[in-house]
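Single-structure report; data block below.
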Amino acid sequence: MIHKILVANRGEVAVRIIRACREMGIRSVAVYSEADRDAMHTRLADEAVCIGPAPAAQSYLHIPAIMSAAEISDADAVHPGFGFLAENPDFAEIVIASGMTWIGPSPEAMRTMGDKVAAKRAMRAAGVPLVPGSEGAVRSVDEARLVAREAGYPVIVKAAAGGGGRGMKVVHSEGGLSSAFNMCQTEARAAFGDDTVFIEKFLEQPRHIEVQVLGDTHGHIVHLFERECSLQRNNQKVLEEAPSPFVDEETRAAICAAGVAAARAVDYVGAGTVEFLMNPDKSFYFIEMNTRIQVEHPVTEWITGVDLVEWQIRVAAGEPLAFTQRQIKRKGHAIECRINAEDPFRFTPCPGKIELYHPPGGRSVRVDAAVYTGYTIPPYYDSMIGKIITHARTREKCIRRMQRAIDELAILGVTTNQELHRRLLANPAFQQGAFDIHFLENWLRQLGQH
Ligand code: ADP
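Plus 1250 on top of the position in the sequence shown (first one is 1) and you've got the working numbering.
Laid out in structure tokens, this is it:
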């Protein structure tokens, strides 16, 4: 049994977890930085402990401060949310060694999936399709040349320890290979303290499709179908949906089975996401697994009716999943728009005071946000302040409902990306589901020229 959860995060995900705790009769402890005294998570939790100054390195990433907060508040479990320490296996180990429950997968699973070369090795053994490329690490330019010739150009050189879209270089022909290889190695050493790199074929028009999985400590692993996350800018997702408008039933069965196989290979416990790239011919390849809850989890919750955060907590407490794969059904369509406090076309953050906040409401509209009228968005953290999720029987109706919800949203005092969503939702290619991972950036570039 878990009685009190320390939420090692801030913003809307902290609020999401605190809400789940409240509904489950579990006490919640928020941790907050000096810049977050008036933040919603600080106010909503049953208890709140200040863990340090505004910069994340001194607060939300500062393990000793968080562990002290857990001890003084007598928490018996830690939920890391996403971002910050959520994928740090050392943090998970410290939580476990302190006798608390870690709400997430095992540190070993996190470690394997956090190292792209180790992850690919595990996936190859499990029969999960991989992007053609090197078997493992590539140690020299000569080896890189052989691998790239075999895979065929363009290729992408990646750092094993990379993340968040960093530590990758695309190479279009052999002439550019040696400098890209050396640069990637040097940068990886500087940024991650590990210069292991590997090579993959660069897929030119892929979609980003990911599979939600959920595992318990009794050996059950299920999938909760796929999400379409191709609409990205700088590797940041902007709008996500479930199901993918591109995936047919046969492909869905195959990619979801691959997601379960990936999770099974690391004895996965909790909620996780297996990310794939899918070619126009619907062939798909594993790229990475995120060993945590994701921003876009609500679209899956809405089409399946499964409360993912509740189940993260239940399986961490040792409960078996209460449903089998066959009992998980898909219903309708869900879309999520991320609301960021930023200039929507220059993508520069716009922190500041919210003079007025009026969220949309009405039928089948969900708002997961961490702001209120009079709240000042601090400049130190991510610009995402919340998200709007809509559900409907069909994708077409879901888009209309989201258009209505975006129109209703009123945020005065700071600039947000509301207008970007308005235009994207009206875009014919978006409406037809005809896009790949380059679509949003190309479209924004065109908008910039007009
Ligand atoms: P990170 O851990 O930094 O997020 P990923 O391996 O998940 O790195 O890749 C991030 C993004 O880079 C992908 O979503 C995709 O847009 C692009 N990418 C990665 N590998 C390839 C590839 N082999 N071909 C084409 N694009 C790729």
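No residue lacks a Cβ here, since even glycine has one placed at the ideal position from N, Cα and C.
| Asked | Found |
| --- | --- |
| Could you give the distance in angstroms between the alpha-carbon of Y1403 and the alpha-carbon of F1431? | 14 angstroms |
| Helix, strand or coil: which one does DSSP assign to A1676? | helix |
| Quick check on the burial criterion: 16 or more other C-beta atoms within 10 angstroms. Buried or exposed for K1370? | buried |
| Decide if P1314 is buried, meaning its Cβ has at least 16 other Cβ atoms within 10 Å, or exposed. | exposed |
| Is R1483 near L1675, with beta carbons less than 8 angstroms apart? | no |
| Listed by chain order, which residues have C-beta atoms less than 7 angstroms from any heavy atom of the ligand ADP? | K1366, V1381, I1406, K1408, G1412, G1413, G1414, G1415, R1416, G1417, M1418, E1450, K1451, F1452, L1453, P1456, H1458, Q1482, N1485, E1525, L1527, I1537, E1538, I1687 |
| With DSSP run on the structure shown, which of helix, strand or coil describes K1451? | strand |
| Taking the alpha carbon of G1412 as the reference point, which residue from S1428, A1440, R1395, E1560 has its own alpha carbon closest? | A1440 |
| Kindly indicate which three-state DSSP category C1506 falls into: helix, strand or coil? | helix |
| With distance defined between alpha-carbon atoms, name the residue in R1651, H1291, G1469 nearest to A1515. | G1469 |
| What residue range is occupied by the uninterrupted alpha helix (DSSP H) comprising I1267? | 1261 to 1274 |
| Please give me, in chain order, every unbroken run of the beta strand (DSSP E) with length at least 3 that falls completely inside the region 1474 to 1525. | 1486 to 1492 |
| What does the alpha-carbon distance come out to for the pair R1672 and H1583? | 19 angstroms |
| Would DSSP call M1528 helix, strand or coil? | strand |
| Would you decide whether Q1455 is buried or exposed? Buried here means 16 or more other CB atoms lie within 10 Å of its CB. | exposed |
| Looking at the structure shown, is G1383 part of a helix, part of a strand, or coil, going by DSSP? | strand |
| From the DSSP secondary-structure annotation, give me the bridge partner or partners of K1579. | In the DSSP output, where bridge partners are listed per residue, K1579 has none listed. |
| Only counting the same chain, and skipping five residues up and downstream in sequence, which positions put a Cβ closer than 8 angstroms to that of A1387? | V1367, A1410, T1446, V1447, F1448 |
| State buried or exposed for P1570, treating a residue as buried only when at least 16 other CB atoms are found within 10 Å of its CB. | exposed |
| Buried or exposed: D1498, going by 16 or more other Cβ atoms within 10 Å of its Cβ? | exposed |
| Can you grab the Cα-Cα spacing for the pair H1329 / K1603, in whole Å? | 29 angstroms |
| Identify the continuous alpha helix (DSSP H) that holds F1431 and give its terminal residues. | 1427 to 1442 |
| Closest to A1642 by C-alpha separation, out of T1598, I1252, M1652, would be which residue? | M1652 |
| Reducing DSSP to helix, strand and coil, say where F1685 ends up. | coil |
| Okay, do the region 1571 to 1580 and the region 1541 to 1549 touch, 3+ Cβ pairs below 8 angstroms being the bar? | no |
| What is the residue span of the beta strand (DSSP E) that C1300 lies within? | 1297 to 1302 |
| Tell me which residue opens and which closes the alpha helix (DSSP H) that A1655 is part of. | 1645 to 1658 |
| Shortest alpha-carbon distance to G1426 belongs to which of A1336, R1399, T1626, L1606? | R1399 |
| Excluding the 5 residues preceding and the 5 following V1549 in the sequence, name in chain order all residues of the same chain whose CB lies nearer than 8 angstroms to its CB. | R1477, E1490, E1491, A1492, A1584, I1585, E1586, I1639 |
| Taking the Cβ atom as the reference point for each residue, do K1637 and E1262 lie within a distance shorter than 8 angstroms? | yes |
| Does D1324 have its Cβ less than 8 angstroms from a Cβ in chain C? | In the structure shown, chain C cannot be found, because there is only a single protein chain. |
| Measuring CB to CB, does P1628 end up less than 8 angstroms from A1619? | no |
| Return the Cβ separation of M1317 and S1348 in integer angstroms, given the expectation that the two are a contact with Cβ distance under 8 angstroms. | 6 angstroms |
| What are the partner residues of H1641, as DSSP defines its beta bridges? | A1584 |
| With DSSP as the reference, label P1357 as helix, strand or coil. | helix |
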